[in-house]
Every structure is written in structure tokens, then in C-alpha cells.
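Peer 1: Input: one structure, supplied below.
Number of protein chains: 2
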Amino acid sequence: MPTAAVKQQDLNDSQPLWREAELKSADAMGRLMEFWGFRRHMGRLWTILYLSPDPMTTTELAEILQLSSSAVSLSLGELVHWGAVRKTWRPGERKDFYQAESSVWKLLRRVYERRELNLIREAIDAFGEAQRQLAETRSLLGQEERRRVDYMHKRLSRLSALSKAGERLVRLLVAGRMINPADLQSAEEEE
Amino acid sequence: MPTAAVKQQDLNDSQPLWREAELKSADAMGRLMEFWGFRRHMGRLWTILYLSPDPMTTTELAEILQLSSSAVSLSLGELVHWGAVRKTWRPGERKDFYQAESSVWKLLRRVYERRELNLIREAIDAFGEAQRQLAETRSLLGQEERRRVDYMHKRLSRLSALSKAGERLVRLLVAGRMINPADLQSAEEEE
DNA sequence: ACGTCTGTTCAAGAAAATTTGAACAAACTG
DNA sequence: CAGTTTGTTCAAATTTTCTTGAACAGACGT
Numbered sequence: 045m046p047t048a049a050v051k052q053q054d055l056n057d058s059q060p061l062w063r064e065a066e067l068k069s070a071d072a073m074g075r076l077m078e079f080w081g082f083r084r085h086m087g088r089l090w091t092i093l094y095l096s097p098d099p100m101t102t103t104e105l106a107e108i109l110q111l112s113s114s115a116v117s118l119s120l121g122e123l124v125h126w127g128a129v130r131k132t133w134r135p136g137e138r139k140d141f142y143q144a145e146s147s148v149w150k151l152l153r154r155v156y157e158r159r160e161l162n163l164i165r166e167a168i169d170a171f172g173e174a175q176r177q178l179a180e181t182r183s184l185l186g187q188e189e190r191r192r193v194d195y196m197h198k199r200l201s202r203l204s205a206l207s208k209a210g211e212r213l214v215r216l217l218v219a220g221r222m223i224n225p226a227d228l229q230s231a232e233e234e235e
Numbered sequence: 045m046p047t048a049a050v051k052q053q054d055l056n057d058s059q060p061l062w063r064e065a066e067l068k069s070a071d072a073m074g075r076l077m078e079f080w081g082f083r084r085h086m087g088r089l090w091t092i093l094y095l096s097p098d099p100m101t102t103t104e105l106a107e108i109l110q111l112s113s114s115a116v117s118l119s120l121g122e123l124v125h126w127g128a129v130r131k132t133w134r135p136g137e138r139k140d141f142y143q144a145e146s147s148v149w150k151l152l153r154r155v156y157e158r159r160e161l162n163l164i165r166e167a168i169d170a171f172g173e174a175q176r177q178l179a180e181t182r183s184l185l186g187q188e189e190r191r192r193v194d195y196m197h198k199r200l201s202r203l204s205a206l207s208k209a210g211e212r213l214v215r216l217l218v219a220g221r222m223i224n225p226a227d228l229q230s231a232e233e234e235e
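First to last, the protein sequences are chains V and L.
Residues 45 to 235, numbered by my numbering, are exactly what the first sequence covers, in order.
Residues 45 to 235, numbered by my numbering, are exactly what the second sequence covers, in order.
Now the structure itself:
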């Protein structure tokens with residue numbers, strides 16, 4: 045009694061013809077999102093909602109993507125947290141309905157603002173802290189080691205300059221202003 | 045007999061005073077690299093090399109970061125593959141020496157070119173393929189479903205437009221030319 | 001107030017990745 | 001050419017991350 049196989053068969057039969065195209069798109073976005081550091085399912089769920097003219101329930105989503113209700117709840121919650129999905133309700137219906145935030149540009153900005161900028165700032169802080177630490181030890185060292193530490197200090201300055209250029213660049217992106225990648229290049233070059 | 049503790053103590057004693065700052069920087073870069081989808085150790089190894097005035101051996105690297113030789117070999121190999129680290133040799137010395145490629149800008153470009161662009165292109169292809177599939181089924185559907193499929197098709201056009209704008213944007217980045225993020229924004233707006 | 005429906009949380013189990021030591025291969029030395 | 005040294009590869013073991021089903025909590029209708 046191949047329960048799983050039968051179930052799969054039933055599903056295939058009852059699926060609309062466009063389901064395959066829908067899943068293919070969802071998977072493509074899932075890969076993008078996963079690469080971008082999010083859960084794979086977040087991209088898939090968002091896409092299903094984005095492609096649907098009407099808000100959908102967790103039940104429908106779970107069925108389409110063959111996910112457990114807890115998996116759906118978890119990833120949807122995170123999507124809501126990022127503002128990528130909104131809850132809505134229907135008069136008379138008890139279930140929650142979800143719809144995709146459809147401005148991808150808005151979403152990109154929000155993520156870069158909340159996440160990537162923080163990450164870069166932490167790196168900048170770490171480099172600065174390391175430099176401070178080097179400066180402290182400098183007086184305790186012999187000539188040979190002192191030159192070594194000075195070298196490190198200079199290199200850390202370059203990493204700092206680069207990170208700061210990166211931060212500036214992301215801030216411009218978020219603001220929708222023109223970006224000049226040559227800034228990154230030159231951040232690295234000046235003595 | 046706290047072997048591990050003793051070993052750790054020995055290490056601490058024999059470390060130069062600037063080792064802590066060095067590790068702190070390496071870890072910061074490790075986090076950045078990990079977030080960016082590379083092995084955590086790649087960022088750490090690269091940083092140690094970047095901060096060193098002289099090329100280093102796998103043995104030194106393994107000792108500093110407390111890694112097994114195989115871990116070092118693996119991650120260094122990948123760094124070499126990405127052009128982030130170069131092998132060099134010293135007359136008389138049998139061991140390989142490694143030095144960091146110090147132009148971060150060059151590295152960024154290479155990665156975006158080889159990796160991110162591919163990823164985006166795959167997504168673009170998937171969306172296009174899905175649209176084609178929808179067009180094929182359209183004639184088989186009733187009026188209600190046809191409207192549904194048309195909606196999906198329109199949405200996929202938007203995803204395609206966005207992805208293509210993203211691809212263009214990355215290509216400009218790689219080329220070091222000016223970027224206008226507003227292109228992304230408008231890719232989404234035109235019906 | 002009770003039973004039902006819905007959504008979330010959590011701990012256990014499954015899957016995926018990283019890490020390691022050992023085996024292998026290659027290059028050099030005496 | 002035998003014996004080292006060095007570097008890579010591989011499968012096993014570990015760690016981490018994901019997934020799941022069950023337990024819990026809240027809201028609703030009767």
C-alpha cells in the first residue's frame with residue numbers, strides 16, 4: 045500500500061495546470077533568497093503569494109508547497125517581520141489571510157538598511173577596535189615587532205576605509221541615489 | 045590533568061602581543077565572508093595573510109587559527125581558486141608560501157562576475173520558462189482560470205524586469221560605472 | 001462554559017554542513 | 001632508490017541547521 049505515492053498522484057491530478065510554472069518560479073526565488081541569507085521557504089512562500097491575485101491561508105500555502113503547518117507558520121512569521129507579507133482578514137472568516145508586499149524595491153531597501161548596514165558597521169567597529177589595541181601595545185615592543193605592528197595598522201586602515209566606502213555605498217542604494225563604485229576602488233588606493 | 049587548558053596556556057604565553065587584535069580582525073572578516081556565502085575560514089585565513097607583510101606557510105596559519113591542516117588546505121585552495129590568495133615560493137624552502145591578493149576591489153568584482161551574475165541569470169531564465177509554460181496552457185483553460193493565469197503572467201513580467209534591472213546593476217558595478225538604483229525602482233513600476 | 005478551530009512554540013528527530021585524522025600521492029633529499 | 005617532508009583527498013564523526021509532530025494557548029461559536 046504505497047500511501048505516499050497515491051497521495052502524490054492524487055495531488056498531481058487535482059492540481060491546476062499552471063501549478064508547475066508557479067512552483068518553478070517559487071523555487072527560483074527560493075534559491076535567490078537562500079543565497080541572500082534567508083530561509084529557502086521564505087522566498088517560496090512569498091512568491092506563491094506574490095503570484096496570487098487574492099490573499100491566501102496557511103492551509104493553502106502548506107498544501108501547495110507540501111510543508112508542515114509549523115514550517116509555514118515559522119517562515120511566514122519571519123516574512124511578516126521583514127514586512128514582506130501582510131496579514132489580512134475576511135469578514136466572517138476565522139482564518140488569517142496573507143498577501144505579499146509587492147514592492148520588491150521597498151523590501152530590498154528595508155533589508156539592506158536593517159541587516160547589511162549593521163553587519164558592515166560591526167566590521168568597521170572591529171577593525172577600529174583592533175587598531176586601538178595595536179596602538180596600546182606598540183610602546184611595549186622592540187623595533188622589529190614595532191614595524192610589524194605598524195604594517196598591520198596600515199592594512200587595517202585600508203580595510204576600514206573600504207568598509208566605510210561600502211557603508212556609504214549601501215546607504216546611497218537605500219536612499220535611491222546614484223552610486224559610484226569607483227569610490228570603493230579609490231578607498232583602497234590612497235596611500 | 046587538564047591537557048587542553050595547559051596547551052591553551054602555553055599558546056597564550058608564546059603569542060605576540062598583537063595576536064589578539066589580529067584574530068579579532070580575522071573574525072570580523074570571517075563573519076562578513078560567511079554572511080556573503082563563503083566558508084567562515086576563508087575570510088579568517090585571508091585576513092591573517094592580508095595583515096602579514098610576508099607570505100606565510102600553512103603550518104603558521106594552522107597554528108594561529110588553531111585549524112587542522114586539512115581545514116587549512118581546503119579553505120586556502122578555495123581562496124586560490126577565487127584569486128584571493130596566491131602561492132609563492134622561497135628559494136631553498138620546500139613549503140608553499142601564501143600571500144593575500146590585496147586588491148579587495150578586484151576580488152569583489154570577480155565574485156560578482158562569477159557568482160552573483162550567474163545566480164541572477166538563472167532566476168531570469170526560470171521566470172521566463174515559467175511564463176512560457178503558462179502561455180502554453182492558456183488555451184486549455186476556462187475563462188476564470190485564464191484570468192488567473194494572465195495575472196500570474198503579468199506578475200512574472202515584473203519579476204523578470206526586476207531581475208534584469210538587477211543584472212544590469214551588477215554589471216555596472218563590475219565595470220566600475222555609475223549606478224542608478226532608481227532603475228530598480230522604475231523596473232517595477234511601469235505596467 | 002465547553003468544545004472546536006486556528007496559530008505558535010518547543011523538543012526530538014532528520015538532514016546538511018563542517019571538521020578531522022588517516023590514507024594517499026607527489027616532490028624532494030641524501 | 002629509500003626515506004622524508006609536504007599537500008590533498010576521503011570517509012567517518014561531529015556540529016549545526018532544518019523540519020516535524022505534539023503540546024499549548026487563544027479566540028470563537030454554541
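We put the beta carbon where it would ideally sit given N, CA and C, even for glycine.
Output the residue ranges of the beta strand (DSSP E) runs that lie fully inside the stretch 85-143 of chain L and measure 3 residues or longer, sorted by chain position.
Peer 2: Those beta strand (DSSP E) runs which fall completely within the stretch 85-143 of chain L and span 3+ residues are 129-132.
Peer 1: Note down the Cα distance separating ARG191(L) from LYS208(V), rounded to an integer number of angstroms.
Peer 2: For ARG191(L) and LYS208(V), the distance between alpha carbons rounds to 49 angstroms.
Peer 1: Where ALA167(V) and ARG63(V) are concerned, what is the direct C-alpha to C-alpha distance, given to the nearest angstrom?
Peer 2: Approximately 44 angstroms, taken between the alpha carbons.
Peer 1: Quick one: any contact between the stretch 87-103 of chain V and the stretch 139-153 of chain V, if contact means 3 or more CB pairs under 8 angstroms?
Peer 2: Yes, the stretch 87-103 of chain V is in contact with the stretch 139-153 of chain V.
Peer 1: Which residues in chain V have a C-beta closer than 7 angstroms to the C-beta of SER58(L)? List them in chain order.
Peer 2: Here the premise fails: no neighbours, minimum Cβ distance about 14 angstroms.
Peer 1: Any idea if GLY74(V) is buried or exposed, counting beta-carbon neighbours within 10 angstroms, 16 or more meaning buried?
Peer 2: It counts as buried.
Peer 1: When burial is assigned at 16 or more other CB atoms within 10 Å of the CB, is SER114(L) buried or exposed?
Peer 2: SER114(L) should be labelled exposed.
Peer 1: In whole angstroms, give me the CA-to-CA distance for LEU161(L) and GLU145(L).
Peer 2: Rounded to the nearest angstrom, the two C-alpha atoms are 22 angstroms apart.
Peer 1: Exposed or buried, which one is TRP90(V) when buried takes at least 16 other CB atoms within 10 Å?
Peer 2: With 16 or more Cβ atoms within 10 Å of its Cβ, TRP90(V) is classed as buried.
Peer 1: Drop a sphere of 10 angstroms on the beta-carbon of GLU66(V), count the other beta-carbons inside from all chains shown, and report buried for 16 or more, exposed for fewer.
Peer 2: Buried is the call here.
Peer 1: Check SER58(V) in the structure and name its three-state DSSP category.
Peer 2: Note: SER58(V) maps to helix in three-state DSSP.
Peer 1: Within its chain, find whatever has a CB closer than 7 angstroms to the CB of GLN53(L); leave out the 5 residues flanking it on each side and keep chain order.
Peer 2: Annotation note: pLDDT 45 at GLN53(L) (below 50); position unreliable, no value reported.
Peer 1: For MET222(L), does the count of other Cβ atoms within 10 angstroms reach 16, so buried, or fall short, so exposed?
Peer 2: Flag for MET222(L) reads exposed.
Peer 1: Measure the CB-CB distance between SER69(V) and LEU200(L) and report whether it falls below 8 angstroms.
Peer 2: Going by C-beta atoms, SER69(V) is nearer than 8 angstroms to LEU200(L).
Peer 1: Please report the distance separating the alpha-carbon of ALA205(L) from that of GLU232(L).
Peer 2: Rounded to the nearest angstrom, the two C-alpha atoms are 7 angstroms apart.
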